[in-house]
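The letter at position 361 of the sequence shown is residue 372 when you use our numbering, and the numbering goes up by one with no holes.
A virtual CB, placed ideally from N, CA and C, is assigned to each residue, including glycine.
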Amino acid sequence: MESFAIKGDLIWTEKPDSFMTMHDGYITVSDGRITSVSSERPSADIVDRSGCLVIPGLSDLHIHAPQYVFMGMHMDEELLEWLEKHTFPAEAAFSDTGFAREAYGSFAEALLKTPTTRLSAFGTIHEDSTLILMDILGKAGFHGYVGKVNMDRNSPDSLVEDTDESIASTRSFIERSSAYSSIRPIITPRFIPSCSDRLLKELGRIASGLSIPIQSHLDENRSEIEWVASLCPWARDYASAYDSFSLLTDRTIMAHCVWMTDDEIDLLKARGTYIAHSPTSNLNLSSGIAPVRHFLDKGLSVGLATDVAGGSSLSLLTVMQDAVKASKMRWRLQDDSAKPLGLSEVFYLASKGGGSFFGSVGSFEPGFDADIVILDEAEGFRTSCHSIEERLEMAVYRSSELPVKEKYIRGIRCTCS
Ligand code: GUN
Ligand code: FE
Numbered sequence: 012m013e014s015f016a017i018k019g020d021l022i023w024t025e026k027p028d029s030f031m032t033m034h035d036g037y038i039t040v041s042d043g044r045i046t047s048v049s050s051e052r053p054s055a056d057i058v059d060r061s062g063c064l065v066i067p068g069l070s071d072l073h074i075h076a077p078q079y080v081f082m083g084m085h086m087d088e089e090l091l092e093w094l095e096k097h098t099f100p101a102e103a104a105f106s107d108t109g110f111a112r113e114a115y116g117s118f119a120e121a122l123l124k125t126p127t128t129r130l131s132a133f134g135t136i137h138e139d140s141t142l143i144l145m146d147i148l149g150k151a152g153f154h155g156y157v158g159k160v161n162m163d164r165n166s167p168d169s170l171v172e173d174t175d176e177s178i179a180s181t182r183s184f185i186e187r188s189s190a191y192s193s194i195r196p197i198i199t200p201r202f203i204p205s206c207s208d209r210l211l212k213e214l215g216r217i218a219s220g221l222s223i224p225i226q227s228h229l230d231e232n233r234s235e236i237e238w239v240a241s242l243c244p245w246a247r248d249y250a251s252a253y254d255s256f257s258l259l260t261d262r263t264i265m266a267h268c269v270w271m272t273d274d275e276i277d278l279l280k281a282r283g284t285y286i287a288h289s290p291t292s293n294l295n296l297s298s299g300i301a302p303v304r305h306f307l308d309k310g311l312s313v314g315l316a317t318d319v320a321g322g323s324s325l326s327l328l329t330v331m332q333d334a335v336k337a338s339k340m341r342w343r344l345q346d347d348s349a350k351p352l353g354l355s356e357v358f359y360l361a362s363k364g365g366g367s368f369f370g371s372v373g374s375f376e377p378g379f380d381a382d383i384v385i386l387d388e389a390e391g392f393r394t395s396c397h398s399i400e401e402r403l404e405m406a407v408y409r410s411s412e413l414p415v416k417e418k419y420i421r422g423i424r425c426t427c428s
């Protein structure tokens, strides 16, 4: 693969507490990796984006691809009613592969216009449609994971599997996904209320036997947690119920984690499980505000996630903004000792923090994958009198005004328009 360098105004985070910036910097890329970051012009072909803000690709740790069809609607319900009335019927439509191809095509096209380069996505229970999602995301240039969802209880007739069928279809999905390389399979039990003990146990076995990562939901909403307690009276709590099926590993992503007990936090820390913090969704569905400052103090692995369509934006810049705002409200209303998150901290979570689930991703350091996003500040942003950090702050708070000009994923340019 060719070697080239991108020139622009660079900003990235190597640690959560501070930004690194370089005006007129050069990122040299070779074989999809960053080989150097320097203010000296390298001897390589130059992609000259002088004056543009250049950030690392962002990682969306939790997104429901089929829910993009109703993103921005049905925001007046809490989780369980929202699932039953709106989400399950919308997902049932993906039994039709023709519909899935069209809907997933629009999803990928819209995602190309955002700074996201990596994602861990839920499909639906439908094996064929979920393979179509993998195909479409891979062809669009994305890297990451896609899961066929498992649901064998407490679900409508139009969106439920028989337990044995669900297990067999998961195995078949994993086998058939070997046709794709940049998008890999991930075991995806929807959440405990939708999956029987026998199914969860078998999914834990498949994941460990085949070394496949896992994604699910944990402690999002109070009614959900009460329901799980009644379904699993033998478990100490929600997290340990997952743990008893070997589903908490250092290759697991648990979305939300809003209402974690100290025991649950300690358990996720011990297992090395990732938390997908989804503040936009948590605000929309009145779920609550996750104690992210506490997670960070405890050294848990945390990334950011849109959780579309609980989340109403595909842009992780918007999620960063909501993560800061939500942390301020938690500090003001719930916990005096929880200092609000700063801009560099949320940027780190969306880039290098969440990116670590995918490898060396989300920073401008030699050896990292060349996931590079060039933002287009041309209209409405006065760039000459602002520092690079100030421009990034405007990008986060005015994300809706800020198109992505160009995007590279592991060194390959995507078509963004
Ligand atoms: N819990 C179980 N399924 C879902 C879902 O689709 N979205 C969210 N936000 N939470 C869930
Ligand atoms: Fe979700």
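{"Check": "I want to check one thing, is the minimum distance from the CB of D382 to the heavy atoms of ligand 2 below 7 Å?", "Outcome": "no"}
{"Check": "CB I198 to CB L211, shorter than 8 Å?", "Outcome": "no"}
{"Check": "Buried or exposed: where does A179 fall if 16 or more other Cβ atoms within 10 Å of its Cβ makes it buried?", "Outcome": "exposed"}
{"Check": "Could you tell me the distance, in whole angstroms, from the CA atom of V239 to the CA atom of I38?", "Outcome": "48 Å"}
{"Check": "Taking 7 Å as the cut-off, is the beta-carbon of G299 closer than that to any non-hydrogen atom of ligand 1?", "Outcome": "no"}
{"Check": "Comparing the CB of G373 with every heavy atom of ligand 2, is any distance shorter than 7 Å?", "Outcome": "no"}
{"Check": "Expressed to the nearest angstrom, what Euclidean distance is found between the alpha-carbon atoms of M82 and T317?", "Outcome": "11 Å"}
{"Check": "Quick one: using the 10 Å Cβ neighbour count with 16 as the cut-off for buried, is C63 buried or exposed?", "Outcome": "buried"}
{"Check": "Any heavy atom of ligand 4 closer than 7 Å to the CB of A281?", "Outcome": "The model depicted lacks ligand 4 and carries ligand 1 and ligand 2 instead."}
{"Check": "At 3 residues or longer, and completely inside the region 109-139: list those beta strand (DSSP E) runs for me, N to C.", "Outcome": "127-133"}
{"Check": "Is the number of C-beta pairs between the region 15-25 and the region 340-353 that are closer than 8 Å three or more?", "Outcome": "no"}
{"Check": "So G62 is in the alpha helix (DSSP H); what residue range does that whole segment cover?", "Outcome": "Taken as a continuous stretch (DSSP letters only), G62 belongs to no alpha helix (DSSP H), being part of the beta strand (DSSP E) at 56-67."}
{"Check": "Just jot down, in chain order, the residues whose CB lies closer than 6 Å to any heavy atom of ligand 1.", "Outcome": "H75, L90, L94, T98, R201, F202, H228, E231, S292, D318, G321"}
{"Check": "Does any heavy atom of ligand 2 sit closer than 7 Å to the C-beta of H73?", "Outcome": "yes"}
{"Check": "Taking C-beta to C-beta, are V80 and A121 nearer than 8 Å?", "Outcome": "no"}
{"Check": "How do the region 105-119 and the region 182-193 stand: do at least 3 beta-carbon pairs fall below 8 Å, yes or no?", "Outcome": "no"}
{"Check": "When we look at the beta-carbon of S188 and count the other beta-carbons within 10 Å, is it buried (16 or more) or exposed?", "Outcome": "buried"}
{"Check": "How many whole angstroms separate the CB atoms of L315 and V335, which I take to be in contact at a CB cut-off of 8 Å?", "Outcome": "11 Å between Cβ atoms; not a contact."}
{"Check": "Consult DSSP for S255 and reduce its assignment to one of helix, strand or coil.", "Outcome": "helix"}
{"Check": "Taking the beta carbon of S326 as the centre, do at least 16 other beta carbons fall within 10 Å, making it buried, or is it exposed?", "Outcome": "buried"}
{"Check": "Which residue from I399, G283, C396 puts its Cα closest to that of S367?", "Outcome": "G283"}
{"Check": "Can you list, in chain order, the stretches of the alpha helix (DSSP H) that have 4 or more residues and sit fully within the region 300-332?", "Outcome": "303-309"}
{"Check": "Quick one: is H288 buried, meaning 16 or more other Cβ sit within 10 Å of its Cβ, or exposed?", "Outcome": "buried"}
{"Check": "Looking only at its chain, what residues have a beta carbon closer than 6 Å to the beta carbon of V357, apart from the 5 residues adjacent to it on each side?", "Outcome": "M331, A334, V335"}
{"Check": "What did DSSP end up calling M340 once you bin it into helix, strand or coil?", "Outcome": "helix"}
{"Check": "Just mark W93 as buried or exposed, buried being the case when its beta carbon has 16 or more other beta carbons within 10 Å.", "Outcome": "buried"}
{"Check": "Given that a residue counts as buried once 16 or more other Cβ atoms are within 10 Å of its Cβ, and exposed if not, what is P167?", "Outcome": "exposed"}
{"Check": "Taking 7 Å as the limit between beta carbons, can you name the residues of its chain near R52, skipping five residues before and five after?", "Outcome": "Y37"}
{"Check": "Quick check on this structure: which residue in G155, T128, F153, A111 has the alpha carbon closest to the alpha carbon of I143?", "Outcome": "A111"}
{"Check": "Closest to P27 by CA distance: which of L352, V407, C425 is it?", "Outcome": "L352"}
{"Check": "Taking just the CA atoms, how far does S297 sit from L242?", "Outcome": "23 Å"}
{"Check": "Go to K280, then tell me how far its alpha helix (DSSP H) extends in each direction, as first and last residue.", "Outcome": "273-282"}
{"Check": "Exposed or buried, S398, counting other C-beta atoms within 10 Å across all chains shown (16 or more means buried)?", "Outcome": "exposed"}
{"Check": "Could you pull the start and end residues of the beta strand (DSSP E) that E417 belongs to?", "Outcome": "415-420"}
{"Check": "List the DSSP bridge partners of V384.", "Outcome": "I66, K418"}
{"Check": "If you draw a straight line from the C-alpha of D382 to the C-alpha of L328, how long is it?", "Outcome": "16 Å"}
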